[in-house]
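To start, the structure itself, in structure tokens.
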């Protein structure tokens, strides 16, 4: 749903265009001048590039796995945020003791729910390094907004406000002590999810691995033509480019997957997920009109936005 | 139990028939015309396809593992749904305080249990993109059905109804506060399982990996005949086809495993699992007749339906 | 403790005797007639079988890992059953409020403990497709036995009886509400373990993988002699058999590990584990005589029964 | 901290001395007599040992990973035991309601803490197949010791005594019902850790894998000299020994890691860990003298004892 | 955020300078004297180093994965510490029953929060083998400091003080019993995180693996020139150095990752994390001035300090 199926080849090749250009220039230069430079006498048996190819494969397999794990963990965390947002509101509605359907309680519930909707947007913005208070006035009460503006860590401040409401509900007898503790646990899970996102965001994948891969890869590319001098003529250039491209593409893929919260076209679709959560929560507080009005909107978004 | 043991070869080869046809045509064309086109002089040492083969193996190993993990995770989630459905009803029966075996309580329990049975069917339908309200009238009370029709996310609405019943039971003194919270936790686990299924469903496996595998694979296939010109004559065609098929089959397998909730013959057997849950739950509310009447039915289904 | 250390070679070779016979016949036939059939002119460079060998290795590594994971998960689940059985009885004894050491309470505790002992045997029998009520009369009260006979899913019915007892204890004031909920959690974990076993039992490992492995493997075996014609004479036959055996044995191993609940000599030692749980639980309810009388018995069993 | 950094080479080579001797004898015999035995005419291309080398690598990678996982899981379990021992005593002190600092309560707490210290030693002894009651009189009260002597499963009996004390504390009003249940959960985690150790101890790693590795390994060793006859003379012997040693050492490593509770110099340092837990717990009950007196002792132990 | 993107090549090569020097000397010596020493006649086919290269790849892949897992687990643990620190203070504020905003309660909360801030610094110091009481007087009350000085395990003593405060709050009616138990659970998770760090710190990665890798690696390096004598002249030296460097760098990387708590430039950024936690917690107790004053400080630190 979140990815375009047909990725143009130009997009993919675009990712490695500088590397491929450099490889091509080297291969062409080798083809043109290796006789003049007396490189002709140097033949390296193909076993040598093959051994280096084995090392590169090992490094790329390792890299791909770790990068995929980061990407997949980011998705798992946001999946948990979806679940816990639903659970939070479901618990609130199921626990709150309001036999008279008072206006006051209904207002509290709505404020709480909207705050949770906003929490998701705000977390997404913060992780992408953008303004975490964007559109805050559409979701937060004036009082809450004033509190939050004092905080650098907006999503954390929102969770504090959740807890403030729970405390009020306990004092007013709207929740019993077990229910307060149980809803607090859901908030704790949201707090954990928030911290996990920050961990992935703030832990750079060991950069030395990239360097080692590049070191081994360019060693491989430099040696490859020396192993092919006897056999091929001008086709050598094409072969070197294509084989290099195979390796380079795998590395680029890993680089894209490993940072799932950078503000790129390929990251975790946090805005879409936050929008879906908003729809689910609005449905739960019976704001059916909003949901129906926005049913098509997502469809449009998904066709243009994400690409991996 | 859920898979036919004897899969016809035609079925398997059917999956890669277009690819194999293309490979065969290329190999035949190469065999017929490579002398005329002066390709005869171009010999590529077999080490080159071997190096590319190593890259492909790395990519396919990665792909197979991730695809299998998605497939297996889908099974784990549905296994958890089975367990939590049983636990939910077991807890309801064990906790409910009804010394007089009143008709009212018995009706509530039955409604609750049937709603849980339906939840499983409904979740399966939703994940396959089909009508989540199919057969809803057989399981839900008129009142519940009316509520659910207003919702786009049917399974989530059903969980809300579960909680509404719990709230009623607490108010009526049928449950004590700890028991309400404890049953709510089981519902939260069901909510988590639901969200996990949606995550797998909505997260497409990075499509660029498929492209890179295909890129490396067809590069391998194109180069392979050039490495065999000296040694073989007409057997070259057969060899190229068979080796290509080995690689292509592994990739197809991964593609089938990676989307466990698409409406294909090979996906997670959600309908069968929902039917088994229904049998277990009916047995728990002592509807023994239903269980015995349906004991054989599953047997029939399993022989025709799933194939992997 | 559960495996014989010295497995006879004949046992191992017995597992692949048909495959090896077929390979041997093919290799001998090739050796005898390849000159007559003019196959002599066809030489395949050994790089080709080597490339296929790489594919096979990839598939076998994947297969071995997944099969081992299933086998090990089965052991983890049964380990959890051991732990939760002990915890269940420990909690029961620690929580029950019986200052007068009444006969009635002592009878309930004993019944409860024996039912848990039987639950383990019954689950093992059910998973192996055997009678889950075998020896039930030695462990269950007449009343319980009557209830269970109405159920197709015996272990689940036993858990329901556990909960029925807890309900009774709560009503009688033998447990307080927290204690009831806490013991129910232990029962929920047992319910989860039961469902996990059923998941492994009922999810066949994707059979297409076996087919692909066999496809690649026999392709490898068929091509191997063509790569050796120049170098060897009659030793070719021996080499082909030994190398094929290396691959075939790894696959057989995976097949044996992947179904840990089939009724084979090599599956999870559920009966032994259930017997050990019985000893631990009897010790906990101070039936020391039983434990001492049965201390040696297990020793005997372990020497004859399990072999992997 | 727990391992000597400098392991003498003789220690390592000692592990494979018999295998290496056999390989050396074979290689020498081959070098001396292969001409006399007309083995000279048999040359096996090096691709054949290379293919077998790939199989062996696959098997050894699988083996190493699984063995390491067992070893690491054993450390994780004992790490959890350290944590839960501290938590148990911290909870006891924080929960117990004793405003008058009575002598009776102080005695109970001390007994409880000492019992937990002993539990760790006892579990370690049991897992190594040694006397689980060694030094019991230094830690257990006379009454407890009498109870425990009746039990074959000593650590489990100690947990029962923990629960007996909790029951007493609840009855005396020293703990409230939530606190009893909460401490019981910590005991349940200790019970789980105990069962996990027993699972690793009692589940032999599938022995057939060792056999298959040895089968492939000796096939490789036997074939290797036939691939080297042309190229080398007497250096062949050295090469065969060194390459064989590379493979054999990896397998030995796996064998040592896979059984982390056997009574070997290289197993999990359970005694040291139990001693560290004792120090932490004594510090928690303000037995500062003990801790300071024993601070250096561990240092001495660690230099001599563990080696991996 | 925590790593410099541009690592100078000199830094990386510095890590393997002794190994590379030794390799270079060997290669040069081989190049100069192999004719004089009659090593000229000894040619080893390149398949032999290639087989050893496969073993090394297997060992390095295993090593890299395990080392990365340790490094990543360390980050996960510290991520959990961040989350649980926030949760602890959020719970304290949300649970504490103080309608009159008394000075006494406010002082307790502040002391508690500062103690938690210090706990993080103290744990980091302890893991690095440095003074765990550094700057203690800035965070702890005089009374607390006196208590802690008696303890060798400072972070554990701090958790005991947390629990002492909870006990006081329960006695004073500031917390209800559920809330006490719930906050204790958060403290238990902190205790677990602390123990997990100690486990990683105290469990040395099996040193024999390093030895085996070095054994295989130097065997590979020694044999490599014998496989290249025919083909290359003086370029042999360069090739041997570059290929050796590829392998050696991967191993060095693993060595750096495997010990995430040693006091090196590349370890887990515990001080930075503790500082971030301090900012979050101060914001939670409305010490906004501190946060704003220190906003830039971290920025400066991050540019100079961590490098991987």
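Protein chains in written order, with UniProt numbering: chain A, 1 to 308; chain B, 1 to 308; chain C, 1 to 308; chain D, 1 to 308; chain E, 1 to 308.
Quick reminder that beta carbons are idealized off the backbone N, C-alpha and C, glycines included.
In the DSSP annotation of this structure, the continuous segment of the alpha helix (DSSP H) that includes residue 109/E starts and ends at 103–127. In this structure, residue 131/C places its C-beta atom within 7 Å of the C-beta atom of residue 125/C. Here residue 215/C is actually not in contact with residue 53/C; their C-beta atoms are around 14 Å apart, not less than 8 Å.
Taking each of 159/A, 262/A, 253/A and 204/A in turn and checking the Cα distance to residue 85/A, the smallest one comes out for 159/A. Under the 10 Å beta carbon count, residue 18/D is surrounded by fewer than 16 other beta carbons and is classified as exposed. Within chain E, no residue has its beta carbon less than 7 Å from that of residue 22/A; the closest one is some 18 Å off.
Within its own chain, the residues whose Cβ lies closer than 8 Å to the Cβ of residue 20/C, once the five positions on either side in sequence are excluded, are 13, 241, 244, 245 and 248, listed in chain order. Linking residue 204/A to residue 90/D through their CA atoms gives a straight-line distance of about 37 Å. Taking the C-beta atoms as reference points, residue 260/A is found nearer than 7 Å to residue 74/A. Interface residue (Cβ-Cβ distance to chain C less than 7 Å): residue 62/D is classified as such.
Per the Cβ contact rule, the segment 108–126 of chain A is in contact with the segment 151–168 of chain A (3 or more Cβ pairs under 8 Å). Our two residues, residue 56/D and residue 60/C, have alpha carbons roughly 12 Å apart in a direct line. For residue 162/E, the enclosing alpha helix (DSSP H) starts and ends at 154–171.
DSSP places residue 251/D within a helical segment (H, G or I) once states are collapsed to three.
Under the three-pair Cβ rule at 8 Å, the segment 138–148 of chain E does not count as touching the segment 62–73 of chain D. Apart from sequence neighbours up to five positions away, the residues of its chain that approach residue 46/A with a beta-carbon distance below 6 Å are 227, ordered along the chain. Here the alpha carbons of residue 127/D and residue 269/D stand approximately 12 Å from one another. Sequence-distant Cβ neighbours of residue 149/E in its own chain, meaning closer than 8 Å and more than five residues away, are 133.
Interface with chain C (7 Å Cβ-Cβ cutoff): residue 89/D is excluded.
With distances taken between CA atoms, residue 255/A lies nearest to 62/A out of 48/A, 34/A and 62/A. Cβ contact annotation for residue 279/E (same chain, cutoff 7 Å, sequence separation greater than five): 291 and 294, in chain order. Of the residues assessed, residue 95/B falls on the buried side of the cut-off, its CB having 16 or more other CB atoms within 10 angstroms.
Identification of chain D residues near residue 92/E by a Cβ-Cβ cut-off of 7 Å yields none; the smallest Cβ-Cβ distance measures about 15 Å.
At a cut-off of 7 Å between C-beta atoms, residue 239/C does not count as an interface residue with respect to chain B. With respect to chain D, the C-beta atom of residue 129/E has no partner C-beta closer than 7 Å. If you look at residue 282/E, you'll find it in the alpha helix (DSSP H) that goes 270–284. Exposure of residue 146/B is indicated by the presence of fewer than 16 other C-beta atoms within 10 angstroms of its C-beta. Comparing alpha carbon positions, the residue from 284/D, 99/D, 129/D and 102/D closest to residue 197/D is 129/D. Its Cα nearest to that of residue 83/A, the residue 156/B stands out among 156/B, 27/B, 225/B and 31/B.
For residue 176/C, the closest Cβ of chain D is nearer than 7 Å. In this structure, residue 51/B lies away from residue 136/A, with their beta-carbon atoms at least 7 Å apart.
For residue 117/C, there are no neighbours in chain D by C-beta distance under 8 Å, as the nearest C-beta there is about 15 Å away.
Residues of chain D with a Cβ closer than 8 Å to the Cβ of residue 250/C are, in chain order, 55, 58, 59 and 212. Residue 277/B places its beta carbon 7 Å or farther from that of residue 176/B.
Under the 10 Å beta carbon count, residue 32/D is surrounded by fewer than 16 other beta carbons and is classified as exposed.
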